[in-house]
Amino acid sequence: MDKKKGHYIGTEINEKWWSRYRGEGFFARGNGEYWFDEDFFYFRRYLTKEPIKIPFNRIQEIKTGNWHAGRWCAGIPVIKIVWKKDDLHLSSGFLVSKDKTEITRLRLFLESKIE
């Protein structure tokens with residue numbers, strides 16, 4: 000897939016906005032680009048070398064909403080990837096487009112990757 004612009008909002012622990020995951024580059028929010036391959040969803044913030052990555056085989060659910068990690072997104076739907084890392088229940092939020100068709104397309108694609 001081609002890389003597309005987006006914004007990483009943050010990763011919550013147990014879907015609690017006040018409890019943010021800080022490991023492996025997941026803490027810092029910011030603009031960047033996302034893409035995926037056979038096994039992972041990637042997001043690389045601008046001015047960083049390494050992307051954060053979420054394995055498809057750990058994704059449990061895909062949600063959308065207007066809030067994530069304590070941030071309101073002005074009515075733009077947030078894609079929330081709910082996944083497991085070791086014994087942690089995480090929810091990573093991304094703004095990928097203002098176009099609801101594009102958001103729906105990505106949500107359906109990610110849902111198709113849930114095992």
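To convert, note that position 71 of the sequence shown is 70 in numbering that gives the first Met the number 0; the numbers rise steadily by one, no gaps.
Where is the CB? At the ideal position from N, CA and C, for every residue including glycine.
None of the values given here were measured: they were computed from a predicted structure.
#1: As an exercise, report each continuous beta strand (DSSP E) stretch of at least 3 residues that is fully enclosed by the stretch 28–68, in chain order.
#2: What whole-angstrom Cβ distance do Glu32 and Lys2 have, given they're in contact under 8 Å?
#3: Would you say the stretch 15–27 touches the stretch 100–113, given that touching needs at least three Cβ pairs under 8 Å?
#4: Between the beta-carbon of Gly5 and the beta-carbon of Val95, is there less than 8 Å?
#5: Give the DSSP-derived three-state secondary structure of Arg117 in the structure shown.
#6: So Ala27 and Arg44 are in contact, right, with Cβ under 8 Å, and what is the actual spacing, rounded?
#7: Helix, strand or coil for Lys99? Go by DSSP, reduced to three states.
#8: When the Cα of Gly64 is compared with those of Ile113, Ile12, Ile58 and Lys99, which residue comes out closest?
#9: Taking the beta strand (DSSP E) that Lys112 falls in, what are its first and last residues?
From the atom records:
#1: 29–35, 39–44, 51–54 and 58–64
#2: Here residue 32 corresponds to residue number 33 of the sequence shown, with the count starting at 1. Here residue 2 corresponds to residue number 3 of the sequence shown, with the count starting at 1. Indeed they touch by this definition, with Cβ atoms about 4 Å apart.
#3: no
#4: For the purposes of this step, residue 5 is taken as residue 6 along the sequence shown, with counting starting at 1. For the purposes of this step, residue 95 is taken as residue 96 along the sequence shown, with counting starting at 1. Contact: yes.
#5: With the chain covering 0 to 114 only, the question about residue 117 has no answer from this structure.
#6: Walking along the sequence shown from the start, residue 27 turns up at place 28. Walking along the sequence shown from the start, residue 44 turns up at place 45. At roughly 7 Å, the Cβ-Cβ gap stays under 8 Å, so Ala27 and Arg44 are in contact.
#7: Walking along the sequence shown from the start, residue 99 turns up at place 100. If DSSP states are grouped into helix, strand and coil, Lys99 belongs with the helices.
#8: If you number the sequence shown from 1, residue 64 lands on position 65. Proximity to Gly64 across Ile113, Ile12, Ile58 and Lys99 peaks at Lys99, based on C-alpha coordinates.
#9: Start at 1 with the first residue of the sequence shown, and residue 112 comes out as number 113. Counting along the chain, Lys112 falls outside any beta strand (DSSP E), and DSSP gives it neither H nor E.
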